[in-house]
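Participant:
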Amino acid sequence: MGFTDIDLSIEEERLKDWLNNKFHGDMHYMEKHGEKRTKPELLTPGTLSIISFSANYLDFNTENPIKVLQTKDKAYISRYALGQDYHFIMKDKLKKIAQLINQHTDSFKYRTFVDSAPLWKNLLLRRLALAGLENTPILLTEITVLGFLLGKYILI
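Here our numbering is used: the first residue of the sequence shown is 1351, the next is one more, and so on.
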């Protein structure tokens, strides 16, 4: 879990440089939504902060993924694709956490996102310092290989 305010101006400059250098290749959707990728208050007016959560989605009852990758006669399917849609699972978890918070305050307003907002996850990940990785040049795709899903609240 990580917390941050909504000033992502440093991250916004990194995103602009990344796009200007065409590091997004043919992922043209990255050029869409402009400032919404780094200005959460444009997605949800009144936003004060962001809370981000990670959740392990590995099923420990399945074969070791490294062994499967090393077996030439087996196909490999991403772990998140083997079970229920992680979007729904993570959203349910976020709703339960919100209900717990609401038991202690009546002013907790929020909006949940699980891969459904144009916020740039790699920038947020660095900013939120999830799992102590704030000084590591690790990308979101590397973290998902380890078996984590990211979901976030925008607090209003």
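The beta-carbon is built from N, C-alpha and C at its ideal position, and this holds for glycine as well.
Bear in mind that the values here come from a model prediction, so they are computed numbers and not experimental data.
How long is the line joining the alpha carbons of HIS1378 and PHE1438, rounded to whole angstroms?
Facilitator: One C-alpha to the other measures close to 26 Å.
Participant: Measuring only the C-alpha atoms, how far is MET1351 from ARG1461?
Facilitator: Their Cα atoms are separated by approximately 16 Å.
Participant: What do you get for LEU1507, buried or exposed, if any count of 16 or more other CB atoms within 10 angstroms of its CB means buried?
Facilitator: Here the chain covers residues 1351 to 1506 and nothing more, so residue 1507 does not appear.
Participant: With a Cβ-Cβ cutoff of 9 Å, do LYS1389 and ILE1356 count as a contact?
Facilitator: Cβ atoms of LYS1389 and ILE1356: closer than 9 Å.
Participant: Go to ARG1461, then tell me how far its beta strand (DSSP E) extends in each direction, as first and last residue.
Facilitator: That run of the beta strand (DSSP E) goes 1460-1463.
Participant: Here's a check: name, in chain order, each residue in its chain whose Cβ is nearer than 8 Å to the Cβ of HIS1374, leaving out the five neighbours to either side.
Facilitator: For HIS1374, where only same-chain residues beyond five positions count, the Cβ hits under 8 Å are TRP1368, MET1380 and GLU1381.
Participant: Have a look at LEU1480 and SER1402 and give me their C-alpha separation to the nearest angstrom.
Facilitator: With a pLDDT of only 48 at LEU1480, under the threshold of 50, the placement of this residue in the model should not be trusted, and no figure is reported.
Participant: Go through its chain and collect everything with a Cβ distance to LYS1445's Cβ below 8 Å, but skip five positions before and after it.
Facilitator: Hits under 8 Å: THR1462.
Participant: Helix, strand or coil, according to DSSP, for ALA1405 in the structure here?
Facilitator: Note: ALA1405 maps to strand in three-state DSSP.
Participant: What residue range does the alpha helix (DSSP H) around ASP1423 cover?
Facilitator: Where ASP1423 is concerned, there is no enclosing alpha helix (DSSP H), given that its DSSP letter is neither H nor E.
Participant: So, for SER1399: in the same chain, excluding its five sequence neighbours on each side, which residues have a beta-carbon less than 7 Å away from its beta-carbon?
Facilitator: Closer than 7 Å at Cβ, skipping near neighbours: PHE1353, THR1354, ASP1355, ILE1356 and LEU1505.
Participant: Where does ILE1356 sit, in a helix, a strand or coil, going by DSSP?
Facilitator: Note: ILE1356 maps to coil in three-state DSSP.
Participant: What would DSSP say about ALA1467, mapped onto helix, strand or coil?
Facilitator: ALA1467 falls in the coil class under three-state DSSP.
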